[in-house]
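In the numbering used here, the protein residues as written are 128 to 384.
Glycine residues also receive a C-beta, built at the ideal position from the N, C-alpha and C atoms.
Before any comments, here is the structure.
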């Protein structure tokens, strides 16, 4: 397998994958989204709540607050085991209205695990309404709940795009192509760089823009967009490590048959 960086910006990375099958690449996609552990609030204990919102609704909102994750600093909790500083982070909240409660109002006992988007609104308190609670966050997997999903991962088959701006049909069909791919009345092949634009340009006129694919498919364009808990690079690193461990375990199980 060969990887080649296409573009990179904060929270998002796009790269090409060459020399693999669709099945392998799709498995990587699922691992990145569902198997890379990240932090999320899992339990909430309410001491006071005279707001207009039920405890369950507030707890649900707290669970979806995106938390910066120190994946190397914490262990995955074991079912049935007591909470400890090795597995859980504690958040506290105490406020009296009138006030809007933001994610930034959550006080963490670990400065490395805090809300990524501090302006996320949790609830609003009216005059003299009170909220007081304690919440615990731990590592978990996206396969168990979306709040533990680390990213949105997607891929598409890398196309071979041929553009002929000298086609006699260009003047007739130019208006049918998306504005995003046009420059000074011509089609720019490099700007046809997303599944949406590829589909929009395909089969309008094959003499102007022709889009083909390798058969069998062995080249892909892969994108990882982090929700914020981990960087895309860290997600790739953790995901590949996890996938390799799963493959080793599978090989071992085959030998034991």
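| Check | Outcome |
| --- | --- |
| Rounded straight-line distance, which links the Cα of residue 164 to that of residue 145 | 27 Å |
| Burial state of residue 289 (16 or more Cβ within 10 Å) | exposed |
| Spatial distance of residue 230 from residue 324 (CA atoms) | 37 Å |
| Residues sharing a beta bridge with residue 217, DSSP | 263 |
| Proximity of residue 276 and residue 160 at Cβ, strictly below 9 Å | yes |
| Every unbroken beta strand (DSSP E) within the segment 175 to 261, with a cutoff of 3 residues, ordered by chain | 215 to 223, 226 to 229 and 248 to 252 |
| Those residues which DSSP pairs with residue 166 across a bridge | 266 |
| Three-state class that DSSP yields for residue 343 in the structure shown | coil |
| Residue 215 burial status per 10 Å Cβ neighbour count (16 or more: buried) | buried |
| Length of the line joining the Cα atoms of residue 255 and residue 304 | 58 Å |
| Rounded straight-line distance, which links the Cα of residue 292 to that of residue 314 | 7 Å |
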